[in-house]
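This report refers to the structure that appears directly beneath it.
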Amino acid sequence: MEVECSHHLFRCLMPHMEKPTEGCLHDKADPAILHNFKYVESACCGAGRLNAEILCNATANLCMNRKEYLFWDLYHVTQTASQLAAVMLYDGPPRFVTPITFRQLAEDN
């Protein structure tokens with residue numbers, strides 16, 4: 046029963062979860078948001094075109110400064126990008142956090 050309820054809840058919420066992700070991914074191309082990154086298309090660690098065709102491994106290409114990259118490898122963002130996302134979720138605009146921000150939730154008395 047519990048698993049069935051969870052599955053139903055997930056199916057109901059899934060369409061709503063896709064929209065914020067699309068908006069967030071779309072905004073990655075916005076230079077105002079990504080001004081700290083020198084490389085937003087290629088990965089810091091990997092191989093192939095844009096270092097994004099082969100996973101990061103012992104023989105892969107490795108960048109000199111991971112803070113300049115949005116992506117660590119073909120699947121993961123860098124720590125710097127994760128920190129930016131955390132700030133957006135904590136106190137970002139309504140298109141990312143609604144009806145209130147995590148900051149407002151934490152400060153609610």
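Numbering of the sequence shown is given in the numbering used here, commencing with residue 46 and proceeding in unit increments. Glycine is no exception: its CB is placed at the ideal position from the N, C-alpha and C atoms.
Quick check on H96: buried or exposed, where buried means 16 or more other Cβ atoms within 10 Å of its Cβ?
Note on identity: in this sequence residue 96 is Asn, with His being the wrong assignment. By the neighbour-count rule (16 or more Cβ atoms within 10 Å), N96 is buried.
Within 10 angstroms of the Cβ of D118, are there 16 or more other Cβ atoms? Answer buried if so, exposed if not.
Result: buried.
Would you be able to state if there are at least three C-beta pairs under 8 Å between the region 79-90 and the region 105-117?
Yes, the region 105-117 touches the region 79-90.
Range of the contiguous beta strand (DSSP E) that encloses V85:
Looking at the DSSP string, the run of the beta strand (DSSP E) that includes V85 is 84-88.
Grab me the residues of T66's own chain with a C-beta within less than 7 Å of its C-beta, minus the 5 sequence neighbours each way, in chain order.
Below a pLDDT of 50, predicted positions are generally treated as unreliable, and T66, at 46, falls in that range; the measurement from the model is reported next regardless. Nothing listed; no residue qualifies.
Do L115 and L79 count as a contact pair if the criterion is CB distance below 8 Å?
Yes, Cβ-Cβ distance for L79 and L115 is below 8 Å.
Between S127, G93, R148, which has its C-alpha nearest K112's C-alpha?
Residue S127 is the option with its Cα nearest to K112.
Just how far apart, CA to CA, sit L150 and F82?
In this structure, the straight-line span from the alpha carbon of L150 to that of F82 is close to 30 Å.
When you compare only the Cα positions, how much space is there between V132 and F147?
Distance between the alpha carbons of V132 and F147 is about 10 Å.
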